[in-house]
Amino acid sequence: MSIVKQNIEEFWQDFKKAHNIAETIDYYDCFHFDNSEEWADKLLALVLAKKKTATASSLLYYQTNNVPQPQVGDYSIVTDWQGVPHCVIKTTAVTIIPFNEMTYDICRREGEDENLESWKKNHIVFFSQDGKDSGYQFSESMPVLFEDFEVVYVKKAIS
Numbered sequence: 009m010s011i012v013k014q015n016i017e018e019f020w021q022d023f024k025k026a027h028n029i030a031e032t033i034d035y036y037d038c039f040h041f042d043n044s045e046e047w048a049d050k051l052l053a054l055v056l057a058k059k060k061t062a063t064a065s066s067l068l069y070y071q072t073n074n075v076p077q078p079q080v081g082d083y084s085i086v087t088d089w090q091g092v093p094h095c096v097i098k099t100t101a102v103t104i105i106p107f108n109e110m111t112y113d114i115c116r117r118e119g120e121d122e123n124l125e126s127w128k129k130n131h132i133v134f135f136s137q138d139g140k141d142s143g144y145q146f147s148e149s150m151p152v153l154f155e156d157f158e159v160v161y162v163k164k165a166i167s
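In this text, residue positions in the sequence shown follow the working numbering: the first is 9, and each later residue adds one.
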């Protein structure tokens with residue numbers, strides 16, 4: 009077992025013990041945000057500061073790659089770019105909305121952008137690259153899976 013995988017499993021077990029979570033419960037996903045080191049770590053910092061309480065992904069990603077969609081109540085482990093776990097989030101809502109119908113009231117919960125125009129610009133870049141990597145093509149009418157979450161556990165600082 010790799011050191012990172014071991015750290016993730018230890019982190020998950022620590023979370024379950026701290027919150028009295030049944031042994032049979034597993035996490036939905038273990039991931040870092042975005043597809044670059046700079047943004048993965050910036051977005052993690054926003055989550056830890058409670059400024060980022062949602063994330064957007066392409067519904068086509070899940071369909072094209074036969075990956076189950078996140079569901080309300082799912083737990084996920086968020087890591088930095090290096091794969092070190094920092095927190096557990098719990099999905100509180102899942103909304104599917106076409107990209108071209110996104111509103112700032114919705115996307116501002118991602119905590120990344122000052123307005124809808126910058127959100128669209130940044131997410132066109134992300135979805136175009138993600139689509140190239142994952143086998144779907146971005147379009148203005150593409151369905152976006154918008155996932156709200158809350159941080160339910162944060163890695164304790166080592167003294």
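C-beta atoms are modelled at their ideal positions from N, C-alpha and C, and glycine is treated no differently.
Straight-line CA distance for residue i to residue j?
| i | j | result |
| --- | --- | --- |
| P106 | L153 | 9 Å |
| S149 | E17 | 39 Å |
| G139 | P78 | 19 Å |
| D141 | N73 | 11 Å |
| W47 | S147 | 23 Å |
| L68 | T32 | 30 Å |
Counting C-beta neighbours from all protein chains within 10 Å, is the total for residue i 16 or more, i.e. buried, or is it exposed?
| i | result |
| --- | --- |
| T199 | This structure cannot settle anything about residue 199, because the visible part of the chain is limited to 9 through 167. |
| V133 | exposed |
| E158 | exposed |
| V75 | exposed |
Using three-state DSSP, classify residue i as helix, strand or coil.
| i | result |
| --- | --- |
| E122 | coil |
| E158 | strand |
| D42 | coil |
| V55 | helix |
| V102 | strand |
| S142 | helix |
According to the Cβ coordinates, are residue i and residue j closer than 8 Å?
| i | j | result |
| --- | --- | --- |
| E120 | N130 | yes |
| I97 | V162 | no |
| S66 | F135 | yes |
| V80 | T111 | no |
| Y35 | Y70 | no |
| E118 | K50 | no |
| F19 | I85 | yes |
Have a look at the options and flag the residue whose alpha-carbon is nearest the alpha-carbon of residue i.
| i | options | result |
| --- | --- | --- |
| V92 | L52, F134 and I33 | L52 |
| I63 | T103, W89, N28 and Y35 | This sequence places Thr at residue 63; Ile is not what is there. Minimum Cα distance to T63 is reached at T103. |
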